[in-house]
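Worksheet: one structure, shown below.
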Amino acid sequence: MVHMLIVGGGLAGGTAAEALRDEGFEGDITIVAAEPHPPYQRPPLSKGYLAGNEGTDAVYLHPSEWYDEHGIRLRTGVSVTALDPAAHRVELDDGSLERYDAVLLATGASPRMIPLPGHDLPGVMTLRRIDQSDALAARLRDGGMRLVVIGAGWIGMEVAATARGFGNEVAILERDAVPLAMALGAEMGEVFRGLHLEHGVDLRTSVGVERIVGDERAEGVVVDGETLPADLVLVGVGATPNTALAEDAGLDILNGILTDAALRTSAADVYAAGDVANAFHPVLQRHLRSEHWANALNAGKVAARSMLGKPASFDDIPYFYTDQYDLGMELSGYAPLMAEAEVVVRGDVGAREFIAFWVDGGRVVAGMNVNVWKVDKKVQALIRSGERVDLDLLRDPDVPLDSLLP
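Right, here's the structure in full:
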């Protein structure tokens, strides 16, 4: 291998480049990033970075000079417009070509924009990039703003919490009956509803957003016939994987770029990782696409090994975390198995100090620790064991989790 090419400047791409060097690869590495920044991670953009508690050092994987020191060519502010797997090359929007021996597609995802009248008004925002987080912070940090969030997903709820911390008025509009129900189910979603209501958020569920109104910029959101005043509107209704490059190149696409467990796509020497990849999970025996931080981090490392022809399999348990007000949470588990699982709770839900387990057929398939720390590895060990557990012992906080492991 002479030249490894990485398309994408997010966590998956940056981690893959670092892992290639850690694995002993001495050839050329090029990262092509559409944004004018070195590779960075996105979770702080709606949490600590947005709140001003963290700087760019918590966002960027490494400073720009690190890439020079490790012999990694970093091309920022330029996009790949075409991929030719047969010729082993890509074309960039500046007209240049990059040839490769192996290429990793880590193109991420883009915020989904619902086709509401008024969605293109100034003051209607999404949050995916660092410049968008900067723009949000500039509008929110002095307080006194009226923020309307469309969508009670993770991004919307985290931004709402941060905005309230700045002293802004916040309304959240959600079409489902319970916030975060798609991710957590109704019972655990209610925990987050109560959290936001206690902090003065106007959280409305089972509502229909009709349009965004305003003359020269967004001034309100019409929901079920009522107009909510707004100085700023954040749309947080999910994301769509950026598959256009791969699709135009003839790669197999299904809710992302399809890969095997080694993150190989349907084209020779083309790999995919991160939000854009729908990878075959060897434990679940099905394809699984995850948009969470740990997926990008760990998949980038697996992709590097795979690109080098080393044994590699991405079998990690998906992991996610959130910080909202005084609630910190970690969630590990398999989302496809959670929907029909029974929720078993250890601890005090009312005090928001507990662990919730999703149990299917007596086996733990997911676990969420809320304001209970240093247990996520034990939760993951329970999930990975695949063993049946005694539910009474699982509920009992006096029973060490280690003792439930085989």
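The numbering of the sequence shown is our numbering, which starts it at 1190 and goes up by one. We put the CB at the ideal spot given by N, CA and C, even for glycine.
Helix, strand or coil: which one does DSSP assign to residue i?
i: Trp1562; result: coil
i: Met1346; result: helix
i: Leu1369; result: coil
i: Asp1663; result: Any property of residue 1663 remains undetermined from this structure, which presents the chain solely from 1190 to 1595.
i: Leu1440; result: coil
i: Val1554; result: strand
i: Ile1339; result: strand
i: Leu1362; result: strand
i: Arg1330; result: coil
i: Ile1572; result: helix
i: Asn1357; result: coil
i: Arg1210; result: helix
i: Thr1511; result: strand
i: Met1302; result: coil
i: Leu1593; result: helix
i: Glu1379; result: helix
i: Leu1583; result: helix
i: Val1465; result: helix
i: Leu1486; result: helix
i: Leu1477; result: strand
i: Leu1310; result: coil
i: Ala1545; result: strand
i: Leu1325; result: helix
i: Leu1250; result: coil
In whole angstroms, what separates the C-alpha of residue i from that of residue j?
i: Trp1482; j: Val1267; result: 24 Å
i: Glu1212; j: Lys1499; result: 10 Å
i: Asp1585; j: Asp1420; result: 48 Å
i: Asp1449; j: Pro1227; result: 28 Å
i: Ile1344; j: Leu1316; result: 8 Å
i: Leu1486; j: Gly1414; result: 44 Å
i: Ala1530; j: Glu1576; result: 15 Å
i: Asn1560; j: Arg1541; result: 7 Å
i: Ala1528; j: Ala1375; result: 10 Å
i: Ile1319; j: Arg1453; result: 29 Å
i: Val1279; j: Ile1195; result: 11 Å
i: Ala1341; j: Asp1549; result: 26 Å
i: Leu1447; j: Arg1328; result: 39 Å
i: Leu1281; j: Ala1271; result: 7 Å
i: Ser1574; j: Lys1567; result: 11 Å
i: Leu1516; j: Val1380; result: 10 Å
i: Glu1347; j: Asp1391; result: 15 Å
i: Ser1455; j: Ala1492; result: 15 Å
i: Ile1572; j: Glu1480; result: 20 Å
i: Arg1494; j: Ala1501; result: 6 Å
i: Val1248; j: Asp1323; result: 12 Å
i: Phe1214; j: Gly1202; result: 16 Å
i: Leu1434; j: Ala1222; result: 14 Å
i: Val1532; j: Leu1209; result: 41 Å
i: Gly1389; j: Gln1513; result: 13 Å
i: Thr1432; j: Val1538; result: 40 Å
Exposed or buried, which one is residue i when buried takes at least 16 other CB atoms within 10 Å?
i: Gln1569; result: buried
i: Glu1615; result: With the chain represented from 1190 up to 1595, any question about residue 1615 goes unanswered, as that position is not in the structure.
i: Asp1505; result: buried
i: Asn1444; result: exposed
i: Thr1245; result: exposed
i: Lys1236; result: buried
i: Pro1430; result: buried
i: Leu1286; result: exposed
i: Pro1507; result: buried
i: Pro1225; result: exposed
i: Leu1250; result: buried
i: Asp1565; result: buried
i: Ala1349; result: buried
i: Gly1489; result: buried
i: Asn1242; result: exposed
i: Val1578; result: buried
i: Glu1519; result: buried
i: Leu1590; result: buried
i: Ala1205; result: buried
i: Thr1416; result: exposed
Would a check of beta-carbon distances place residue i closer than 8 Å to chain C?
i: Leu1582; result: This model lacks chain C altogether, as it is built from one protein chain only.
* Asked: Does the segment 1455–1465 come close enough to the segment 1290–1303 to have 3 or more Cβ pairs within less than 8 Å?
  -> yes
* To do: For the segment 1214–1247, list the beta strand (DSSP E) runs that are entirely contained and at least 3 residues long, ordered along the chain.
  => 1217–1222
* To do: Determine, using beta-carbon pairs with one atom in the segment 1552–1560 and one in the segment 1518–1532, whether at least three such pairs fall under 8 Å.
  => yes
* Please specify which runs of the alpha helix (DSSP H), each continuous and at least 4 residues long, are wholly inside the segment 1381–1452, giving them in chain order. => 1433–1437
* Which runs of the alpha helix (DSSP H) spanning at least 4 residues fall entirely within the segment 1252–1294, listed in chain order? -> 1253–1258
* **the segment 1396–1405 contacting the segment 1365–1375, beta-carbon criterion three pairs below 8 Å** => no
* To do: Would you check if there are 3 or more beta carbon pairs closer than 8 Å linking the segment 1328–1346 to the segment 1409–1420?
  => yes
* **the segment 1256–1275 / the segment 1218–1225 touching (three or more Cβ pairs under 8 Å)** => yes
* Is the segment 1316–1336 touching the segment 1347–1364, taking contact as three or more C-beta pairs under 8 Å? -> yes
* Asked: For the 8 Å Cβ check, are there 3 or more pairs between the segment 1299–1309 and the segment 1419–1437?
  -> yes
* Within the segment 1488–1537, ranges of the beta strand (DSSP E) (whole runs, at least 3 residues) -> 1508–1513, 1516–1522, 1531–1537
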